[in-house]
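S.K.:
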Amino acid sequence: MKRWTKRRKIAIVLVFAVLVAVALIGAWALNAPSAQAGVKRFTLSVTSGRDGYAQTVEYESGEEYLGGFLRTLPACEWQEGAYGLYVTGYGGMGEDLSAQYWWCILEGGEMAAVGADEIPLAEGGSYGLDLRQGW
Amino acid sequence: MPVVRIARMALLGAVLYVAQVALAFLPNVELVSLLLICYTMVFGKDAFLCAAVFVLCELLQWGFGVWWLSYLYVWPLLVLAALLLRGALGEEFLVWAVVSGVFGLCFGALFAVAYLPVGPAYAVTYWVSGLPFDVWHAVCNFTLMLVLGKPVYRLLVRLAGI
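Just so you know, the sequences run in chain order A and B. Each position in the first sequence, counted from 1, maps to that position plus 14 in this note's numbering. Each position in the second sequence, counted from 1, maps to that position plus 18 in this note's numbering.
1) Can you confirm whether W149 of chain A, when its beta carbon is compared against all beta carbons of chain B, has any partner nearer than 8 Å?
2) Could you work out which residue in B:L96, B:Q79, B:W80 and B:N46 is closest to A69 of chain B when comparing CA atoms only?
3) Can you pull out the residues from the region 52-72 of chain A whose beta carbon lies closer than 8 Å to at least one beta carbon of chain B?
4) I want to verify the contact list: residues of chain A whose CB lies under 9 Å from the CB of G105 of chain B, in sequence order.
5) Mind checking whether V120 of chain B and I26 of chain A have CB atoms under 8 Å apart?
6) By the criterion of Cβ-Cβ separation under 7 Å, what are the contact partners of I26 of chain A in chain B?
7) Could you work out which residue in B:A25, B:E76, B:V71 and B:V116 is closest to A42 of chain B when comparing CA atoms only?
8) Roughly how far, in whole angstroms, is the beta-carbon of V34 of chain A from the beta-carbon of L123 of chain B, given that I think they are within contact range, below 8 Å?
9) The region 72-85 of chain A: which residues have C-beta closer than 9 Å to a C-beta of chain B, in chain order?
10) Check the Cβ of A37 of chain A against every Cβ in chain B and list those closer than 8 Å, keeping chain order.
11) Using a Cβ-Cβ cut-off of less than 8 Å, give me the residues of the region 123-139 of chain B that come near chain E, in sequence order.
12) Comparing alpha-carbon positions, which option in B:L166, B:W145 and B:L67 lies nearest L52 of chain B?
13) Where does V128 of chain A fall in DSSP's three states?
14) At least one CB of chain A closer than 8 Å to the CB of E76 of chain B: is that the case?
15) Output the boundary residues of the alpha helix (DSSP H) element that contains L134 of chain B.
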């Protein structure tokens, strides 16, 4: 394979290194959450089809992130996981991993792509916990 | 298809699965990319069968989920890319390391395609929030191919001769 000269290989590795660096900078810039300071008013919906439970409550909190707020909510059962707060139950309605029941965190009515500790609380925001079955 | 060939592909597929499970506790550190590229270099399109065995094993262990739909095309895509490149790259493991690294970098984006029916915004958010892990995936894939690519390839060449 004479075509792969040392110079060409170095060039390819350099291009790859630049790509990785750009992705790293992009990841940092795009994922920096913008939290609001001060007290926010927002709603939290909790639904569990298994338990026939559905409730939406309006809250006020000075916490910057949903995870911080959920830690202060007495009904919320949680544990510290590898990615921050991990919800294990709400009001006695626990997850059941053997039957693939788990608590899904919602933001704006849609499944959140990040953990509760990375979801900034916003004034007028709507968040939720939904007990779902299946991975 | 000869029995020996079928058995070999099944075993190599099982090796993929064991390698994935063994390193599952380390986020985005995996040997599947390295092994699939090496399988393709040695066994050509038969590597698709290894990928199929691996994907089926994952389904049997974890059950069905959207992530599994991603597995259906992500790993065969890597085999396809390796098939297309193997003539040009030969045994240049530094360049294969870049290929493996680029695959790691694109992994989240490819994975997110299966989430488009859930919602395009969700798919994009999923990809963006996983970008730091993709960078880590790229670095690990590059390093693993650089260190283990040649010995694994040589081992497979010997296996192919049996």
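For glycine and all other residues, C-beta sits at the position ideal for the given N, C-alpha and C.
M.R.: Concretely, from the data shown:
1) The count along the first sequence starts at 1 and reaches residue 149 of chain A at position 135. For W149 of chain A, the answer is yes, since a Cβ of chain B falls inside 8 Å of its Cβ.
2) Counting from 1 along the second sequence, the entry for residue 69 of chain B is found at position 51. The candidate whose alpha carbon is nearest that of A69 of chain B is B:L96.
3) Flagged: no residues at all.
4) Taking the first residue of the second sequence as 1, we reach residue 105 of chain B at position 87. Going along chain A, no residue has its Cβ under 9 Å from G105 of chain B, so there is no contact; the nearest lies around 10 Å.
5) Along the second sequence, read from residue 1 onward, the residue named residue 120 of chain B stands at position 102. Along the first sequence, read from residue 1 onward, the residue named residue 26 of chain A stands at position 12. The criterion of a C-beta distance shorter than 8 Å is not satisfied by V120 of chain B and I26 of chain A.
6) Counted from its first residue, the first sequence places residue 26 of chain A at position 12. Result: V113 and V116.
7) Translated into the one-based positions of the second sequence, residue 42 of chain B becomes position 24. The option with the nearest alpha carbon to A42 of chain B is B:E76.
8) Working through the first sequence from its first residue, we reach residue 34 of chain A at position 20. Working through the second sequence from its first residue, we reach residue 123 of chain B at position 105. Going by Cβ atoms, the distance from V34 of chain A to L123 of chain B rounds to 7 Å, so yes, they are a contact pair.
9) none
10) For the purposes of this step, residue 37 of chain A is taken as residue 23 along the first sequence, with counting starting at 1. Those are L123, L149, D152, V153 and A156, listed as they occur along chain B.
11) The structure shown contains no chain E; its protein chains are A and B.
12) For the purposes of this step, residue 52 of chain B is taken as the residue at position 34 of the second sequence. Closest option to L52 of chain B, Cα to Cα, is B:L166.
13) The sequence position of residue 128 of chain A within the first sequence is 114, counting from 1. Here V128 of chain A sits in coil by DSSP.
14) As a working note, residue 76 of chain B is residue 58 in the second sequence. No, its Cβ sits nowhere closer than 8 Å to a Cβ of chain A.
15) Residue 134 of chain B sits at position 116 when you count from the first residue of the second sequence. Premise fails: L134 of chain B is in no alpha helix (DSSP H) and is neither H nor E.
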